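Everything below concerns the one structure shown next.
Residue numbers (the working numbering): 29 to 348.
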């Protein structure tokens with residue numbers, strides 16, 4: 029007698045229109061998962077995706093999003109804000125609200141795993157309001173461990189085609205220097221968006237990832253320094269890129285005036301004093317021991333390949 033095929037798990041996804049969430053959405057559909065994704069803006073029809081109009085404050089939209097979901101992947105969040113309280117509202121409270129909806133209607137929803145895309149900065153919550161908001165969200169999720177199996181994914185810096193955050197750094201490097209906060213010896217991990225999405229999918233449905241905090245990266249031992257990145261980018265752009273340490277007082281002053289300017293025009297600052305503290309921290313290297321909880325996953329994109337691909341995309345789209 030032929031063995032019955034297992035029905036693919038239904039994924040409920042937030043943040044699907046963002047950079048990281050977009051990679052998760054694409055990878056999930058390619059892997060055969062049906063995906064239901066919430067969106068504030070109208071989206072074009074996409075095979076394998078059921079778009080739910082609404083936001084994370086819309087109870088009816090959340091009810092539709094979560095109905096019969098086997099896995100909930102919460103990727104929605106912000107990396108900059110006009111006020112520090114906005115980080116708490118979007119990065120922390122939105123997860124709490126999502127969990128409240130699951131808890132209240134557990135019998136009807138049947139979610140078997142809740143995955144939260146956090147940040148490596150959550151290790152040190154006092155370093156910035158962003159880090160604190162991610163840390164607090166993690167603690168809320170852990171406190172619900174008796175209600176839902178949970179998995180926390182803490183990516184390091186994520187890059188790849190379509191990422192508009194790292195573009196700012198590449199534009200500066202194109203001029204021949206790479207600004208450094210703190211020390212040139214500061215180390216950090218990196219991961220390409222496609223590799224991160226594959227890591228998230230590898231953690232679905234495995235007991236190894238249940239109630240665990242995972243820190244996927246590209247598995248480069250000890251992470252990288254700005255010298256590694258500057259060397260690859262300089263070679264690709266055909267010019268030397270020299271790392272330059274910017275004095276802390278100057279960085280904080282620049283961030284302060286950027287905050288004032290952003291406040292005047294009513295926008296979130298692209299560079300803030302708390303960001304300087306994150307940038308100057310000496311060690312943002314992932315814990316690779318956690319990779320064992322993602323069976324079968326192995327990053328495929330090395331830094332040189334990934335950065336070259338990203339630069340090609342920027343140039344092809346007129347950004348660099």
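Think of the CB as a built atom: it goes at the ideal place given N, C-alpha and C, for glycine as much as any other residue.
Predicted model only: the values in this text are computed from it and were never measured.
DSSP, reduced to helix, strand and coil, places residue 102 within a strand of the structure shown.
Secondary structure note for residue 66: its beta strand (DSSP E) is the uninterrupted segment 63 to 67. Within the segment 252 to 279, complete beta strand (DSSP E) segments of at least 3 residues are found at 270 to 274, given in chain order. Each of 184, 105, 97, 212 was checked against the Cα of residue 37, and the nearest Cα belongs to 97. Boundaries of the beta strand (DSSP E) around residue 220: 218 to 220. Taking residue 188 as reference, the option from 333, 346, 270 with the minimal CA-CA separation is 333. Closest option to residue 307, judged by alpha-carbon separation, among 60, 61, 185: 185.
Comparing alpha-carbon positions, the option among 313, 94, 208 lying closest to residue 271 turns out to be 208. Taking the Cα positions, residue 126 is about 25 angstroms away from residue 321. Residue environment analysis places residue 317 among the exposed positions, since fewer than 16 neighbouring C-beta atoms fall within 10 angstroms of its C-beta. Restricting attention to alpha helix (DSSP H) runs no shorter than 4 residues, the segment 166 to 211 encloses them at 195 to 201, ordered along the chain. In this structure, the CA atom of residue 172 is about 18 angstroms from the CA atom of residue 116.
Across the set 183, 343, 45, 324, the C-alpha of 45 shows the shortest separation from the C-alpha of residue 83. Measuring C-alpha to C-alpha distances from residue 77 to each of 69, 304, 57 identifies 57 as the nearest. Beta-bridge partners assigned by DSSP to residue 41: 65, 101. Between residue 65 and residue 226, the CB-CB gap reaches or exceeds 8 angstroms. Restricting attention to 336, 168, 140, the CA atom closest to the CA of residue 176 is found in 140. DSSP places residue 338 inside the alpha helix (DSSP H), whose first and last residues are 331 to 344. In the DSSP assignment, residue 145 is bridged to 181.
In the DSSP assignment, residue 57 falls within the alpha helix (DSSP H) that extends over 47 to 58.
Under the 10 Å beta carbon count, residue 288 is surrounded by fewer than 16 other beta carbons and is classified as exposed. Excluding the 5 residues flanking it on each side, residue 199 has same chain C-beta neighbours closer than 7 angstroms at 348, in chain order. Here the segment 190 to 198 does not lie against the segment 228 to 235, with fewer than 3 beta-carbon pairs under 8 angstroms apart. Under the Cβ criterion (8 angstroms, minimum of three pairs), the segment 106 to 125 counts as touching the segment 154 to 173.
Judged by DSSP in its simplified three-state form, residue 79 adopts strand.
Per the C-alpha coordinates, the member of 314, 295, 51, 286 positioned closest to residue 303 is 286. Look at residue 247 here: in three-state DSSP terms it is coil, with no helix or strand label.
Taking all protein chains in view, the Cβ of residue 230 is crowded by 16 or more other Cβ atoms within 10 Å, so the residue is classified as buried. For the set 149, 193, 222, the Cα lying nearest the Cα of residue 59 is the one of 222. Around the beta-carbon of residue 48, 16 or more other beta-carbon atoms lie within 10 Å, marking it buried. Closest in alpha carbon position to residue 152, among 346, 328, 313, 323, is 313. For residue 240, the enclosing beta strand (DSSP E) stretches over residues 240 to 242.
Within its own chain, the residues whose Cβ lies closer than 6 angstroms to the Cβ of residue 329, once the five positions on either side in sequence are excluded, are 220, 223, listed in chain order.
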